[in-house]
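Novice: Letter 16 of the sequence shown, counting from 1, is numbered 1116 in the numbering used here, and no numbers are missing. First the structure, which I've put down as C-alpha cells, then a few questions once you've had a look.
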Amino acid sequence: MHAILCGDCGAPFGLRPDGLFRCDGDQAHELHPRDIDPDGSETWAVDSAGTLVIVTDPAASAQWAREVLAEFLDAEPESYAESFSLDSFSNAIGELLDAARAGLPVSRLI
Ligand SMILES: [Zn+2]
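Here it is as C-alpha cells:
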C-alpha cells in the first residue's frame, strides 16, 4: 500500500466530505475519483487516516494466494520450491491484509 501523490506538488491526497480528493500541498490541488487510473491489478482505496492509497486488487491477491498455496502443497518438503511458494503466499496474504486495512471487502474472496 502506498499513497497516491499529487502530480503537481508531490503531496498525498486526502478525502474531502464531498467525495473528491485534495492534496496536502499549499495549492490544495483537487482530484476526482474518475481521474484515478491505477495500473493493472492495482486499485485505489482510502486508508483509515483518509489518505488516498494504491493497493493490489483483492481479487488479484486472492488468486495469487490460491496459486502459490497450491504450489506449496505440491512442493517437495524442505525444498527451495516449498520455501519460495511459502514466501509468495505470505506476500499475497500481506497484500490482502493491506486491502482490508484500506477498507476494501476481502472476506467474500476467501
Ligand atoms: Zn498538489
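Positions of the beta carbon are idealized from the N, C-alpha and C atoms, including for glycine.
My understanding is that E1167 touches V1155, with C-beta atoms under 8 Å, so please give their C-beta distance in whole angstroms.
Specialist: Not confirmed; about 19 Å, so no contact.
Novice: Determine whether the beta carbon atoms of D1108 and H1132 lie at a separation below 8 Å.
Specialist: It is not a contact, given that the beta carbons lie outside the stated cut-off.
Novice: Helix, strand or coil: how does DSSP classify G1125 here?
Specialist: Here G1125 sits in coil by DSSP.
Novice: For chain B, check one thing: does any of its Cβ atoms lie closer than 8 Å to the Cβ of F1113?
Specialist: Chain labels in this structure do not include chain B; a single protein chain is all it has.
Novice: Would you mind listing the beta strand (DSSP E) stretches within the segment 1137-1202 that are 3+ residues and don't spill past its ends, in chain order?
Specialist: Listed in chain order, the complete beta strand (DSSP E) runs (minimum 3 residues) inside the segment 1137-1202 are 1142-1146, 1152-1156.
Novice: According to DSSP, simplified to helix, strand and coil, what is P1117?
Specialist: Correct three-state label for P1117: coil.
Novice: To the nearest angstrom, how far is the alpha carbon of A1192 from that of F1113?
Specialist: Roughly 26 Å separates the two Cα atoms.
Novice: Please return the same chain residues whose Cβ sits closer than 7 Å to the Cβ of G1203, not counting the five positions on each side in sequence.
Specialist: So the qualifying residues of the chain are A1145, V1146.
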